[in-house]
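full-length UniProt numbering puts the sequence shown at residues 1 to 277. Where a beta carbon is used, it is the ideal one built from N, C-alpha and C, also for glycine. Everything numeric in this text was worked out from a predicted model, so none of it was measured. All remarks here apply to the structure that follows.
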Amino acid sequence: MSNQPSPSTGFEKLRRIESSRLFQSVVIGIIILSALTIGAKTYELPPLVEGSLIVMDNAITVFFLLEILFRFAACPNKKRFLMDGWNLFDTLVVLGSLIPLNNSDAVLLGRLLRVFRVLRLISVVPELRFLINSLLKAIPRMGYIAVLMFIIFYIYAAMGSMFFAKVDQDLWGDVAIAMLTLFRVATFEDWTDVMYATMEQYPLSWIYYLTFIFLTAFVFLNMMIGAILEVMSEEQNAKQAQEAHDERGEIARQLQAVQEQLKELTKQVSGKSSGEH
């Protein structure tokens with residue numbers, strides 16, 4: 001009988017290393033170090049420090065390349081690895097970081113991709129991946145809320161342009177400018193100055209502002225938050241259901257292995273009994 005380890009056993013060992021807390025902590029630490037290196041380069045530094053940062057940046061790039069190759073080797077299904085959005089993002093960022101910065105034509109692209117390496121922190125930490133995935137899945141629902149917000153903005157901007165253009169042409173001259181003014185009001189950026197200016201000619205114009213703020217800052221904002229929370233709840237339930245399904249599958253495999261062992265023992269006992277007779 002051959003004592004060589006099976007490929008599945010090798011994959012299991014690599015996957016255990018990849019999913020280990022130590023490996024994940026080292027990757028997170030290197031990503032944080034990469035972020036600090038990028039931030040340090042924005043300052044005026046002595047030549048010795050700049051040279052050290054360049055060496056460190058190259059070492060980090062080599063580490064990320066080895067790390068992505070290790071993860072690729074640990075995945076038994078290579079096609080599934082590349083079809084995963086987060087793995088594809090990591091691969092593109094790592095490969096893009098290999099662009100040499102001494103190439104003047106690609107120096108900007110290389111620097112941008114090195115900045116994007118900080119985003120790899122999202123793909124490494126499962127909790128951050130869960131938040132981003134939930135946010136992306138909530139975008140279609142948030143889109144309808146955004147359309148409704150645009151309609152309200154447009155209606156209020158048209159009303160403001162009709163009534164308040166004489167008060168301040170720079171703020172209410174046309175619908176487009178009025179929408180920018182309303183965005184300023186919605187973000188509470190000195191909105192009382194805008195309101196008091198119109199109240200000098202239209203004392204009841206405060207109703208216009210308060211109703212607009214109530215709709216945009218309270219109603220629609222809470223609707224946005226509600227849509228995100230609903231998707232997060234659905235994702236959490238789906239994740240728990242998948243974990244329960246995986247646990248049931250693992251228990252079923254263990255039971256099947258125990259049954260096979262019992263059958264093998266039964267055969268061995270029957271064989272010994274037959275030999276004795």
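Sequence-distant partners of Asp-170 (beyond 5 residues in either direction) whose C-beta falls short of 8 Å from its own C-beta, in its chain, are Ile-177.
Around the beta carbon of Ala-186, 16 or more other beta carbons lie within 10 angstroms, which makes this residue buried. For Asn-77, there is no enclosing alpha helix (DSSP H), as DSSP marks it with neither H nor E. Nearest in C-alpha terms to Pro-76, of all of Ile-132, Arg-16 and Ile-38, is Arg-16. Considered as a whole, the stretch 169–213 harbours 169–172, 175–186, 191–199 and 206–213 as its complete alpha helix (DSSP H) runs of no fewer than 4 residues, in chain order. Counted as a single uninterrupted DSSP element, the alpha helix (DSSP H) harbouring Tyr-154 occupies residues 126–164. For Asp-246, the secondary structure class from DSSP, reduced to helix, strand or coil, is helix. With respect to Ile-225, Ser-134 sits apart: the two C-beta atoms are not nearer than 8 Å. If you draw a straight line from the Cα of Ala-138 to the Cα of Val-258, it comes to about 44 Å. The straight-line gap separating the alpha-carbon atoms of Tyr-156 and Leu-36 is approximately 45 Å.
Looking at the backbone, the Cα of Glu-50 and that of Lys-41 are separated by about 7 Å.
Between Ile-31 and Val-93 a beta carbon distance of about 11 Å is seen, past the 8 Å cut, so the two are scored as non-contacting. In the three-state DSSP reduction, Leu-121 falls in the helix class (H, G or I). It is roughly 15 Å from the alpha-carbon of Ser-161 to the alpha-carbon of Trp-206.
If you draw a straight line from the Cα of Asn-87 to the Cα of Arg-21, it is about 19 Å long.
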